[in-house]
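Numbering of the sequence shown is given in UniProt numbering, commencing with residue 1 and proceeding in unit increments.
Heads up, the beta-carbon is just placed ideally off N, CA and C, and yes, glycines get one too.
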Amino acid sequence: MPRTSQTEVFISTDVSRLEDFPQAVVAYGRDLAAGDVLSFHHHQRAQLVYASSGVMTVTTLTAAYIVPPQNAVWMLAGVRHRIDARSDVLMRTVYVDTEKIAGLPEEVCVLQVSTLLRELIIAAVEAGSEYDPDSPQARIMEVILDQIIAQPVAALALPMPLDGRLVRIAEALVCNPADNRNLGEWAREVGASKRTLTRLFAIQTGMSFRAWRQQCRLHCALELLAAGRSVTVVSGEVGYENASAFIAMFQRCLGTSPSRFLNQS
């Protein structure tokens with residue numbers, strides 16, 4: 001699949017400074033250009049990684065998470081991850097000291113972002129992170145935490161297998177999601193039985209091969225849509241015979257049409 005040319009950018013020293021603040025919750029904004037990459041790194045605090053505009057991919061050692069403006073990734077403290085801007089991105093991040101705050105998600109996940117949470121995050125970034133405990137900014141942060149806890153998890157994770165044979169299949173499908181070979185054909189390609197691959201996909205990704213491939217196609221489609229490709233072009237590039245079948249899958253998975261998604265991004 002064609003990719004935007006990549007440019008490595010570096011973690012701002014402001015982030016390290018923010019993580020040492022006494023406040024349990026701080027917010028930070030950074031704009032990224034399409035193709036910008038924040039290479040693998042980790043933070044002392046958990047973070048809600050959000051883009052108020054644009055689409056990015058957050059990748060850990062075990063999964064990839066697509067992040068349109070309707071969603072955010074909850075990243076645990078200490079988990080290594082990288083961020084790829086698939087379009088121009090207004091990244092807005094909330095850092096949380098989970099040693100001081102309880103009740104937050106206990107695993108990396110994609111959360112839905114309500115209109116209220118979106119506006120709170122933007123307001124928190126604009127107000128700055130140095131605030132008094134009884135200030136309006138402190139109350140905004142408290143509501144952000146309540147909203148994070150209340151948001152439902154979105155099915156936008158693409159778990160990556162570890163077995164070398166499955167890795168070959170997964171990498172091939174990420175590069176060419178239109179590849180329609182079935183698992184029996186892939187079994188012959190990688191030198192394993194279909195039964196073995198079926199079992200390993202379920203164990204290592206928690207998904208069937210068919211479900212994993214659909215999720216891979218959805219990820220790739222979101223990246224291509226963010227890059228400005230038309231729905232008709234994207235449907236073909238990710239392996240659908242026609243736009244109608246692609247739109248039906250998109251609506252079923254995300255609860256919205258590709259055109260509405262584009263307008264929201």
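- Three or more pairs of CB atoms, one per stretch, sit closer than 8 Å, so the region 203-223 contacts the region 232-241.
- Per DSSP, the beta-bridge partners of G29 are R92.
- Annotation for S39: the continuous beta strand (DSSP E) segment containing it runs 36-41.
- In this structure, the alpha-carbon of V89 lies about 31 Å from that of P133.
- In this structure, T57 keeps its C-beta atom at 8 Å or more from the C-beta atom of M160.
- E223 is classed as buried because its beta carbon has at least 16 other beta carbons within 10 Å across all chains shown.
- Taken through DSSP and simplified to helix, strand or coil, N263 comes out as helix.
- The C-alpha of G103 lies about 46 Å from the C-alpha of G191.
- By a beta-carbon distance limit of 8 Å, V25 does not contact M75. Their separation comes to about 15 Å.
- For S193, the secondary structure class from DSSP, reduced to helix, strand or coil, is coil.
- Taking every protein chain shown into account, the CB of A170 has 16 or more other CB atoms within 10 angstroms, so this residue is buried.
- By the Cβ test, the region 32-47 is not in contact with the region 193-212, since fewer than three Cβ pairs between them sit closer than 8 Å.
- The bridge partners DSSP lists for T7 are D36.
- In the structure shown, the three-state DSSP call for D14 is helix.
- Within the DSSP bridge table, the entry for V108 names no partner.
- Excluding residues up to 5 positions away in sequence, C109, V110, L111 lie with their Cβ nearer than 7 Å to the Cβ of V153 in the same chain.
- In this structure P22 is exposed. Its beta-carbon is surrounded by fewer than 16 other beta-carbon atoms within 10 angstroms.
- Here the region 77-87 lies against the region 48-55, with 3 or more beta-carbon pairs under 8 Å apart.
- Per the DSSP secondary-structure output, T57 pairs in a beta bridge with I66, D84.
- If you check the CB distance, A245 and A124 do not come in under 8 Å.
- Of all alpha-carbon atoms in T205, R181, R92, R139, the one lying nearest the alpha-carbon of D163 is that of T205.
- Under the three-state reduction of DSSP output, S52 falls in the strand class.
- Taking 8 Å as the cut-off, the Cβ atoms of V73 and V79 do not count as close.
- Out of I122, A187, A227, Q151, the CA that lies nearest to the CA of Q137 is found in I122.
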